[in-house]
Amino acid sequence: MKLERVTRDPQAVPFPLVFGALAILCTVAAAILVRIPGAWLLTPLRCPFLALTGLPCPTCGGTRAFAALAGGNLWRALLLNPLVTVTVVGILAAAAGSLWRRLTRRFALRFSLNRREEFALRGALATAAALHWTFLILRR
Amino acid sequence: MYCPGCGKEIPEGYSGPNCPSCGASFVQRQAIETGPAGIPWEDRSRLGFLNALLATLRLCLSDPTRFFSDLPKRENLGSAIQYLLLLTWLGALGGILWSWVLKPFQLAFLKSLGMNAPEQSWAGGMEGLFTVVVAVMIPILVLITTFIWTGIVHVFLWILGGAKEGYEATLRVYAYSRGSTALFEWIPVCGGLVAFIWSLILQIIGLSRVHEIGGGKAALAVLLPLALCCVIIAAIVLAFLGAIMALLGISASA
Chain A
257 MKLERVTRDP QAVPFPLVFG ALAILCTVAA AILVRIPGAW LLTPLRCPFL
307 ALTGLPCPTC GGTRAFAALA GGNLWRALLL NPLVTVTVVG ILAAAAGSLW
357 RRLTRRFALR FSLNRREEFA LRGALATAAA LHWTFLILRR
Chain B
11 MYCPGCGKEI PEGYSGPNCP SCGASFVQRQ AIETGPAGIP WEDRSRLGFL
61 NALLATLRLC LSDPTRFFSD LPKRENLGSA IQYLLLLTWL GALGGILWSW
111 VLKPFQLAFL KSLGMNAPEQ SWAGGMEGLF TVVVAVMIPI LVLITTFIWT
161 GIVHVFLWIL GGAKEGYEAT LRVYAYSRGS TALFEWIPVC GGLVAFIWSL
211 ILQIIGLSRV HEIGGGKAAL AVLLPLALCC VIIAAIVLAF LGAIMALLGI
261 SASA
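Protein sequence lines correspond, in order, to chains A and B.
396 is the number that our numbering gives the last residue of the first sequence; the numbers go up by one with no jumps.
264 is the number that our numbering gives the last residue of the second sequence; the numbers go up by one with no jumps.
So, in structure tokens, the structure goes:
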């Protein structure tokens, strides 16, 4: 793995900041959504995958995990949906890092992996996703 | 000046055809910057707004392979987003109109299937106000869902080893695919479904051309995330089929 400092292209879209803003927006929206009485909603908040198969889908509990994150309860969020929680925390950390580097006028950072490392990371991600789903199914 | 490939600053006075750090070609970059002839929307200042819009729609829907082969991979992201927002907003207005007109029939369909529609506790005026708010907020909602969806697709593409170009390339493919099919929502009843399926096909073609990967890998990257919620689509299709069958049954017995 190689970590390089690169000069920021002023024309480039700051994607870490965009995704960070989205993560915050979704967290706030979820915190509001779980407080709305069910009768007010245009569509019922039920997972069709769960309703039809009896098994949770990989994102089941995601909205409640977002809401738990909004309340600062990281452990509860992890128990509700580890994948969503880890992804959101990762995005927020990357966005905070990017924002800090921009504000302090530091170089941007770029990670690069060789083929072997990239292959290993892909496998690890796929395995983690499968383990996550297994956890959700077993926990039910 | 910065290298388009690695982002490093190019030393002043350097005139080589490739980046001294990563070897990326500047000739290709210049070709991209001049804008390919195949994307009329990105040349709308010369062609005129309406001509460029119609030509892009025609080309994307009738010859997607050529369209996405000509698509710049990094430049003009703003143009692609404008195209997406304009057309999805126009399309969604059609969807909202038809959902208003057909609402009593949809409720009758659900009842004929033995399904109870969620009871609305809102007054009629509030519901109208909510619809107006949604209509105004469509571009924001589209922008949010676009970033989330393309982010998921790009991660799947990367896991499958197909992300040969950056995230922007995936975003541009989605913007043109979704934008070009959005107006199908003006077709009553099945317009949304037609737009959705056609957009998926365009995304698969677009990703395979832009990332220069096989169609199978592109299809997996688009369909795998959907596979997890495909039950939703299957349920919608079954509901439609059931409703039609129920209607036929009613008319046969009448």
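C-beta: ideal position from N, C-alpha, C; glycine also.
_chain A residues whose Cβ lies nearer than 7 Å to that of Ile49/B_ = The premise fails here: Ile49/B is roughly 19 Å from chain A at the closest Cβ pair, so nothing lies under 7 Å.
*Which term fits Arg366/A, buried or exposed, when burial requires 16 or more other beta carbons within 10 angstroms of its beta carbon?*
Residue environment for Arg366/A: exposed (fewer than 16 other C-beta atoms within 10 angstroms of its C-beta).
*Inter-residue CB distance, Phe363/A and Val269/A (contact presumed, cutoff 8 Å)*: The pair is not a contact, with the Cβ atoms about 18 Å apart (cut-off 8 Å).
_Against chain A, with Cβ distances strictly below 8 Å, would Ile148/B count as a contact?_
no
_Three-way DSSP call (helix, strand, coil) for Lys113/B in this model_ = helix
*Neighbour flag for Gly171/B against chain A, beta carbons, 8 Å*: yes
_Alpha-carbon spacing of Gly64/B relative to Lys121/B, whole angstroms_ = A quick correction: the sequence has Leu, not Gly, at residue 64/B. Taking the straight line joining both Cα atoms gives about 41 Å.
*What separation, rounded to the nearest whole angstrom, lies between the Cα atoms of Ala286/A and Phe322/A?*
Whole-angstrom Cα-Cα distance: 6 Å.
*Measure the CB-CB distance between Leu234/B and Phe166/B and report whether it falls below 8 Å.*
yes
*Using the beta-carbon of each residue, which ones in chain B are nearer than 7 Å to Leu278/A?*
Ile154, Phe157, Ile158
*Taking DSSP as the reference, what is the three-state secondary structure of Val165/B?*
helix
*For Leu306/A versus Cys316/A, is the C-beta spacing smaller than 8 Å?*
Judged by beta-carbon spacing, Cys316/A lies within the 8 Å limit of Leu306/A, meaning their Cβ atoms are closer than that value.
*asked:* Going by DSSP in three states, Pro368/A sits in which element: helix, strand or coil?
replied: Strictly speaking, residue 368/A in this sequence is Ser, with Pro absent from that position. Looking at Ser368/A - three-state DSSP - the assignment turns out to be strand.
*asked:* Below 8 Å on C-beta distance, what does Gly161/B contact in chain A?
replied: Phe275
_Quick check on DSSP: helix, strand or coil for Val345/A?_
If DSSP states are grouped into helix, strand and coil, Val345/A belongs with the helices.
*Just mark Gln40/B as buried or exposed, buried being the case when its beta carbon has 16 or more other beta carbons within 10 Å.*
Its pLDDT being 49, under 50, Gln40/B is placed unreliably by the model, and the measurement read from it follows with that caveat. Counting Cβ neighbours within 10 Å, Gln40/B comes out exposed, since fewer than 16 surround it.
*Grab the span of the beta strand (DSSP E) containing Lys258/A for me, first residue to last.*
258-262
*asked:* Using 8 Å as the cut-off, can you tell me whether the region 141-152 of chain B makes contact with the region 48-56 of chain B, which would need three or more C-beta pairs spanning the two stretches below that distance?
replied: no
*asked:* Considering only DSSP beta bridges, list what Glu137/B is partnered with.
replied: According to DSSP, Glu137/B bridges with nothing at all.
*Spatial distance of Trp108/B from Trp196/B (CA atoms)*: 8 Å
*Reducing DSSP to helix, strand and coil, say where Asn86/B ends up.*
coil
*Between His164/B and Leu278/A, what straight-line distance do the alpha-carbon atoms span, to the nearest angstrom?*
16 Å
_Short CB-CB distance (under 8 Å) between Leu87/B and chain A_ = yes
*asked:* For chain A, check one thing: does any of its Cβ atoms lie closer than 8 Å to the Cβ of Glu19/B?
replied: yes
*Please report the residue range of the alpha helix (DSSP H) in which Leu181/B lies.*
177-191
_Stretch pair the region 71-86 of chain B + the region 183-196 of chain B: three plus CB contacts closer than 8 Å_ = yes
*Examine chain B for any beta-carbon lying closer than 8 Å to the beta-carbon of Thr360/A, and answer yes or no.*
no
*Have a look at Pro149/B and Leu334/A and give me their C-alpha separation to the nearest angstrom.*
32 Å
_Let me see if you follow: with CB-CB separation under 8 Å, is Phe271/A close to chain B or not?_
yes
*Quick one: grab the DSSP three-state call for Cys316/A.*
coil
*asked:* What residue range does the alpha helix (DSSP H) around Gly216/B cover?
replied: Taken as a continuous stretch (DSSP letters only), the alpha helix (DSSP H) holding Gly216/B covers 201-220.
*is_contact[Tyr177/B, chain A] using C-beta, thresh 8 Å*: yes
*Identify which residue in Arg358/A, Arg371/A, His388/A has its Cα closest to the Cα of Phe271/A.*
Arg358/A
*Leu387/A and Pro312/A: beta carbons closer than 8 Å?*
no
*Are the Cβ atoms of Leu69/B and Leu193/B separated by less than 8 Å?*
no
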